[in-house]
Structure formats: C-alpha cells, structure tokens
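A quick write-up on the structure given underneath.
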Amino acid sequence: MRADRPEGPDRRIHFGGDYYPEQWPEEVWAEDVQLMKEAGVTLVTAGVFAWARVEPRPGEWDFGWFDRVMDNLAQAGLRVCLATMTASPPPWLSRMHPEILPETEDGRRKWPGGRQHYCPSSPVYRQYATRLVEQVATRYAQHPALEVWHVGNEYGCHIRQCFCDVSAADFRRWLAERYGTVDVLNEAWSTAFWSQRYDSFEEVLPPRLAPTFANPSQQLDYLRFSDDALRQCYLAELAVLRRLTPDTRVTTNLMAHHKPVDAFEWARHQDVMSLDFYQDPYDPDEHLRAAFNFDLMRSALGGQPWMLLEQAPSAVNWRPRNSPKPPGAMRLWSWQAVAQGADAIMYFQWRQSLGGAEKFHSAMLPHGGTDTRAFREVSELGREFASVPEIAGTRSRAETALLTDWNSWWALELDSHPSTALDQALINRAHHRPLFDAGVACDILPPSSELAGYKLVVVPNLYLLRADDARRLARYVEDGGQLLVSFFSGIVDERDRVHPGGYPAPLRQLLGLRVEEFWPLDEGVRVPVEGVASAGPELEPGTEGDLWSEAVELEGAEAVAVFGSGELVGRPAVTRHQYGSGTAWYVGTRLGHTAMRGLLDHVRQAAGVDPVLPGLPSGVQATVREDDEHSFLFLLNHGDDSAVVALPEPMSDRLSPGSGAVTSVSLPPRGVAVMER
Ligand code: GLA
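The working numbering numbers the first residue of the sequence shown as 76 and each following residue consecutively.
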C-alpha cells in the first residue's frame with residue numbers, strides 16, 4: 076500500500092474536481108487539461124457516471140474514449156481518482172432486470188431516470204457491477220494516472236433503505252446469521268408484545284408501512300441491515316480491486332455524519348477517508364457543522380489525512396434556494412478542511428454542465444468561462460495550496476474525545492419515545508461547538524474506543540449503550556478521566572430493550588444518580604437553571620434549559636445546578652460525581668450555548684486540557700498540524716468582524732511570503748493565515 080505521506084514532488088495538497096468529459100465533444104478535452112493546469116489542478120475524479128457509456132449494451136465494452144481521457148490527463152501530469160463507474164446503472168440493466176429497482180416502505184417502486192436506482196441487496200446489480208469493476212481495474216491497473224480508487228458514489232444518498240422482496244429475503248438471511256434461531260430473535264425484538272411472535276424466519280418482513288408503530292427493534296435492525304447491505308455492495312467491488320490492484324489505495328466518498336451510513340464501520344474498509352460536504356451559504360453556522368464533520372473524518376481512520384472529495388465551488392442546485400458562496404467563503408471553508416486534517420481539496424465539478432439536472436450547480440469552470448469570480452477564486456486557491464506542500468501528511472493531536480454511535484443514533488430517533496424532538500446531529504454539535512469555540516482539538520470516536528489517552532471525554536447522548544462500553548467509561552473515570560454525559564444516555568441495550576435497574580442503569584454508579592422520570596419539555600418551554608455548588612462553573616443569571624428535563628435523585632453525586640421553577644424546581648439539572656480518581660459530570664437538560672461553553676470550559680480546565688491558543692477572539696478557529704519537521708498553526712476567521720490574534724512566539728505566515736516573523740496576526744472577516752514557527 077502506498078504511504079499516506081508521499082515524499083518529494085508527490086508531497087502536496089491535491090487539488091481538483093469531478094471531471095465528466097463524456098458530457099462534452101472531444102475538441103473540448105484539450106482545453107480542459109490546459110485550464111486545469113492553469114487552475115492548479117493536480118487530481119481529478121473521473122468515470123463516476125460513465126457506466127452507460129463504457130458498457131452501452133450488456134457485455135459490450137467501449138473504453139476507447141476513456142483511454143484517451145486517461146492518457147490526456149497522464150500526459151499533463153495529472154492524477155486520477157478513478158471511479159469504479161457503478162454509481163448509476165444504465166437503462167438496459169433495469170429493463171432486463173426490473174427486480175433491481177428499489178421499493179419504498181409503502182411498496183412504491185423507484186424507477187430509472189434519475190440515478191442510484193438499485194436495491195442494495197440485489198445480487199443482479201452486484202453481479203453486473205463487479206463485472207464492470209473487473210473490466211475497469213484490469214484496464215487501468217497500470218495506468219500512470221491512477222492515484223486512488225473511488226468506489227461507487229455517496230452510498231445511501233438517494234437510496235437509504237429498500238423494502239422490496241429481494242431486500243426482505245436478504246434481511247431474513249441477515250437475521251438468521253445474527254440471531255441463529257427465531258427464539259433468540261423473538262427475545263431480542265420483544266415480540267411477546269402486541270402478538271408479534273414469529274414462528275419462523277420466513278414470517279419476518281422489513282418494517283414496511285404498518286397501521287401503527289412498527290416494532291422498534293425490527294426498525295433498528297433494519298437500519299443496521301440497510302447500512303450493511305450498502306456496505307456489501309462496496310465490499311464486493313473492493314474485493315475485485317484488492318485482487319487486481321493491491322497497491323492502489325481505495326476510498327468511497329461518504330457524507331460523514333450521515334444517518335444511513337455508519338462512518339466508523341465503513342472506515343474499517345478504506346485506505347483513506349473521503350468526504351463530500353456542501354455548506355449552505357445562507358446558514359451562518361455552517362462552519363460549525365463542517366467542523367464536526369471534518370473532525371469525524373480525521374478521527375475515523377486514526378488521525379490519518381483525509382480527502383475533501385467534493386464541495387461546491389459556489390452554489391448548489393438542490394436546495395430550494397441556492398446562494399452562491401460569497402467572495403472568500405470557498406477559500407475559507409477549503410482551508411478549514413485542511414486545518415482539520417484534509418490533504419486533498421476537490422470540487423463537484425470541473426466544467427459546468429449545459430444540460431441535465433445539475434446545469435445550475437456551480438463548477439470550477441462556470442458557464443461564463445475563465446473570466447468569472449469562481450474560476451479566479453479556484454485558481455488562486457490552487458496556487459496557494461501548491462505553495463505549502465509540506466502541510467500534506469502532518470497530523471493533529473487531541474486530548475478531548477467526543478463519543479457518538481450510529482446504533483444509538485438510529486435507536487434514539489425511532490418513534491414512540493418520551494420525546495421525538497431529540498435530534499442526534501444537533502445534540503452532537505451542541506456539545507462539539509463549545510470545544511470548537513474554545514480552540515480545543517477534539518476527536519470524534521465510537522464508544523468502543525480506547526480512551527486512556529484522552530484527558531476529557533464528552534458523551535452528548537448515548538441512548539443505546541452496550542454494557543461493556545459503559546464499563547469502559549467507568550474504568551476511564553476511575554483511572555482519573557473527566558467525563559461529561561448528557562441526558563437520556565445509557566437507557567437501552569443493543570436490542571433497544573431498557574437496561575433493567577432504574578435509569579440509566581449501566582451508568583448509575585458512575586454518575587452517582589438515578590433518573591426517576593423523564594420530563595421532556597414542550598416546544599418553546601424553557602426552565603431556569605441555577606448554579607448551587609461554589610466549586611461548579613459559574614452559570615450566568617438567566618441560564619435556562621429546554622427540550623428535556625428529568626427527575627434526578629442523587630446517589631453520591633452533588634448538584635452543581637438545579638431547576639429554578641416548574642415541576643422539578645430544586646431538583647438537580649447538572650451534577651458532578653467523584654468516581655475513583657476522576658470525575659463524572661451529568662447534564663439533565665439542554666443548556667444554551669453560553670451555559671454549555673461555561674460548563675465545558677470548567678470541566679476541561681479541571682481535566683487540564685488547554686486550547687490551541689488562549690483567548691481566541693470570537694469566531695476565530697485555531698488548529699495545529701505537525702510532524703517531525705513542521706508545525707503549522709492555522710487561523711481562520713469565521714466571524715463578521717476583523718480579529719487580532721496574539722501568537723505565543725514569532726511565526727511567519729506561509730500564505731504571505733516575505734512578511735517576516737510576527738507575534739500577532741490580523742484577520743479580516745473570512746481571513747486565513749497559515750503560520751509556521
Ligand atoms: C453529490 C454527488 C455529485 C453531485 C453533487 C452535487 O455530492 O456525489 O455527483 O451530484 O452531489 O452537489
């Protein structure tokens with residue numbers, strides 16, 4: 076396998092985008108390559124939607140045109156992130172085999188005419204797809220342009236789950252493997268309830284549209300199964316690539332914190348993580364959503380540099396209203412990805428389409444040609460990345476970890492709960508943001524991770540918690556760790572059955588408390604939260620909780636804050652428990668950002684976790700990437716005001732060569748500095 080930090084001229088931040096020459100006459104291709112060079116492109120993704128062109132009829136191959144594309148790119152010294160071409164089956168396949176078409180939970184078929192119209196469990200789709208991969212990999216295994224394989228495309232983007240009969244049969248096979256006997260399944264799914272007992276696996280169906288709540292454990296298993304079915308498609312292609320090109324790295328572009336696809340599971344089968352991320356320029360907090368996703372990408376493969384495989388140069392076409400990125404935003408957000416560990420910055424797409432559903436999606440080379448803001452901004456950024464190749468391969472180190480788990484996410488957001496207003500993505504980000512704002516590096520990990528190296532562990536909400544993961548958390552605190560856990564965690568096991576013994580049974584001893592009743596708050600209702608312990612964090616007057624509250628009884632923990640009115644007046648809202656040589660904190664409501672920032676600042680100071688730079692101006696992000704020879708400090712101004720950042724020692728800005736060593740940096744709004752000691 077090629078190392079993730081190439082040396083010499085190969086050490087660089089790759090820059091480029093999706094390239095669809097099949098949409099253009101060949102005369103245009105030479106200009107493409109020439110303008111790519113002008114824009115600083117080093118890597119292009121090619122072939123993602125080429126299936127219908129390279130296999131126009133079953134088993135008839137037409138790769139000649141694609142050979143010329145690959146050769147043109149290679150001659151210009153460009154590298155290719157080569158797709159396996161299986162993302163969207165050609166019309167002939169679904170005509171021959173309509174059974175590959177996916178079905179919704181109410182039995183409606185999804186027809187061809189868009190893309191990704193295949194049932195992930197379909198053996199027919201997989202057979203035709205792997206036959207194609209075999210062709211592509213054999214043909215281009217030795218091609219000098221081949222850099223990395225790009226399998227499929229955004230698994231689970233359009234087809235998250237399929238409910239057809241083929242999927243049903245595959246689900247039964249999956250269940251038989253997981254549970255062995257139908258009795259074990261009956262127990263796991265609590266089928267004694269509502270007369271749901273199964274007499275054989277043959278009776279089991281996907282959770283199709285039902286008169287009322289479908290069995291939650293069945294729904295949870297179907298989410299697991301659906302993720303697995305998608306992954307089996309990926310793994311089938313991966314097996315072909317491993318056999319034919321064992322030395323070429325493989326990735327698939329994930330959508331990161333994306334509910335259908337468990338990024339931690341997928342990471343186990345990738346050589347490099349890659350992400351597609353599309354900010355909404357209307358939303359002033361998109362850098363925070365990006366920050367969470369970027370940290371997740373970096374952490375998922377142990378801190379290894381990752382690829383931002385797709386972003387928009389400016390506007391997208393698929394939200395109801397699509398704003399361009401204002402000047403400087405694309406540069407800022409691209410540098411944010413690098414600051415958080417990316418070694419490749421890529422776009423969808425190179426040349427803006429004239430036809431099709433994405434003709435109004437921005438491109439590096441817009442309809443207006445090179446004399447456009449988009450092309451100028453892209454080319455300037457390409458030059459900038461080329462000027463700091465030593466960033467590639469450097470890494471960040473975090474002393475804080477935030478734990479999240481797709482199984483828990485799936486279970487949390489099922490129906491028939493105390494509240495259906497809990498949104499895992501928002502809860503996670505509400506816990507990540509105070510760390511981000513403070514300039515604290517944070518890894519995002521599954522609960523099964525080794526935690527010993529972290530000084531602080533944050534658990535936003537782990538509704539579903541396996542007993543052994545709970546024991547791992549207890550051991551971590553016992554050995555001196557600082558842990559902060561938020562409400563409705565540790566409630567059910569992996570079958571979505573309540574842990575017996577009072578909520579949250581597996582965490583009760585560790586947290587030193589019992590939750591007697593959940594008391595979710597109605598929309599718009601806020602409850603005052605008042606600090607009580609002198610050693611606790613200072614809560615500003617006017618601090619409130621919303622969304623959730625609960626009747627906590629202390630069993631060794633002390634109340635740090637209590638509810639100031641309402642049914643739970645005087646009962647603990649935030650607690651702290653000394654456990655072994657560490658401390659476990661518990662938050663029983665949703666605090667606003669300022670209070671969460673205050674609380675997490677307090678806990679992290681207790682843990683001895685320092686920010687990258689003290690006293691960061693509001694809106695400024697600071698991260699460090701380093702290796703044995705280099706240490707880069709990235710400063711990014713996401714705020715609306717100019718900011719001045721004081722440096723601990725003289726450093727020079729690699730993006731302003733010749734400016735000499737300075738001890739402070741002025742950043743205009745959307746300003747970026749890459750400082751080196
Ligand atoms: C996704 C897909 C691309 C393209 C872009 C448009 O990321 O992978 O093919 O459709 O969206 O934003």
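We treat Cβ as the ideally placed atom computed from N, Cα and C, and that holds for glycine. All of these numbers come straight from a predicted model, not from anything done at the bench.
Range covered by the alpha helix (DSSP H) that runs through residue i
i    : result
S292 : P291 to L319
F339 : A338 to A342
T669 : H668 to A682
R154 : Unbroken run through R154 is the beta strand (DSSP E), R154 to A158; no alpha helix (DSSP H).
F246 : D240 to Y254
L596 : Careful: L596 lies outside any alpha helix (DSSP H) and carries neither H nor E.
E459 : R448 to A461
Q557 : Counting along the chain, Q557 falls outside any alpha helix (DSSP H), though it belongs to the beta strand (DSSP E) covering Q557 to S561.
Any non-hydrogen atom of the ligand GLA closer than 8 Å to residue i Cβ
i    : result
N712 : no
W393 : yes
C237 : no
D258 : no
V144 : no
F435 : no
V123 : yes
F268 : no
D355 : no
E229 : yes
C232 : yes
Q415 : no
Q424 : yes
D274 : no
N368 : no
A387 : yes
N328 : yes
D358 : no
D351 : yes
Between the CA atoms of residue j and residue i - distance to the nearest angstrom
i    : j    : result
L588 : G641 : 21 Å
L501 : Q202 : 39 Å
G639 : W660 : 19 Å
V649 : G611 : 10 Å
G134 : V123 : 19 Å
V211 : T159 : 7 Å
G565 : Q424 : 44 Å
G684 : L510 : Checking the sequence, you will find Val at residue 684 rather than Gly. Each residue's Cα considered, the two are about 10 Å apart.
V635 : R504 : 23 Å
V129 : F141 : 8 Å
I88  : A681 : 38 Å
L559 : H362 : 24 Å
S734 : P401 : 27 Å
P721 : A736 : The sequence given here has Ala at residue 721, not Pro. Roughly 13 Å between the two C-alpha positions.
Where the beta strand (DSSP E) containing residue i begins and where it ends
i    : result
Y654 : P647 to Y654
G421 : Before going further, note that residue 421 is Met rather than Gly in the sequence given. Start and end: A417 to Y422.
L478 : T475 to L478
Q696 : V695 to E701
I519 : C517 to L520
M711 : The sequence as given places Leu at residue 711; Met does not occur at that position. S706 to N712 is the extent of the beta strand (DSSP E) around L711.
V720 : A718 to D728
W660 : G657 to V662
F638 : E633 to F638
H362 : Careful: H362 lies outside any beta strand (DSSP E), inside the alpha helix (DSSP H) at E361 to A375.
The ligand FMN heavy atom lying under 8 Å from the CB of residue i
i   : result
D93 : The model depicted lacks the ligand FMN and carries the ligand GLA instead.
TODO: Check whether the segment 255-274 touches the segment 234-243, counting contact only when three or more Cβ pairs, one atom from each stretch, lie closer than 8 Å.
DONE: no
- [ ] Please confirm if the segment 585-602 is in contact with the segment 489-509, defined as three or more CB-CB distances below 8 Å between the two stretches.
- [x] yes
Open item on the list: Count Cβ pairs between the segment 426-437 and the segment 369-383 that sit closer than 8 Å; are there 3 or more?
Closed with: no
Open item on the list: When you compare the segment 464-479 with the segment 526-537, are there three or more beta-carbon pairs, one atom per stretch, that lie closer than 8 Å?
Closed with: yes
TODO: Tell me, please, whether the segment 660-674 touches the segment 566-576 by the rule of three or more beta-carbon pairs shorter than 8 Å.
DONE: no
Task: the segment 518-525 / the segment 620-630 touching (three or more Cβ pairs under 8 Å) - done: no
Task: Cβ contact check for the segment 443-462 and the segment 685-703: 3 or more pairs under 8 Å - done: no
Open item on the list: Count Cβ pairs between the segment 134-152 and the segment 168-177 that sit closer than 8 Å; are there 3 or more?
Closed with: no
- [ ] Please determine if the segment 704-720 and the segment 404-419 are in contact, where contact requires at least 3 C-beta pairs separated by less than 8 Å.
- [x] yes
TODO: Would you check if there are 3 or more beta carbon pairs closer than 8 Å linking the segment 297-308 to the segment 328-348?
DONE: yes
TODO: Check whether the segment 143-160 touches the segment 213-230, taking contact to mean three or more Cβ pairs, one atom from each stretch, closer than 8 Å.
DONE: yes
- [ ] Would you be able to state if there are at least three C-beta pairs under 8 Å between the segment 310-321 and the segment 346-361?
- [x] no
Open item on the list: Check whether the segment 617-627 and the segment 541-557 touch, using three or more Cβ-Cβ pairs below 8 Å as the test.
Closed with: no
TODO: Flag this pair as touching only if the segment 153-167 and the segment 185-197 have three or more C-beta atom pairs under 8 Å; answer yes or no.
DONE: yes
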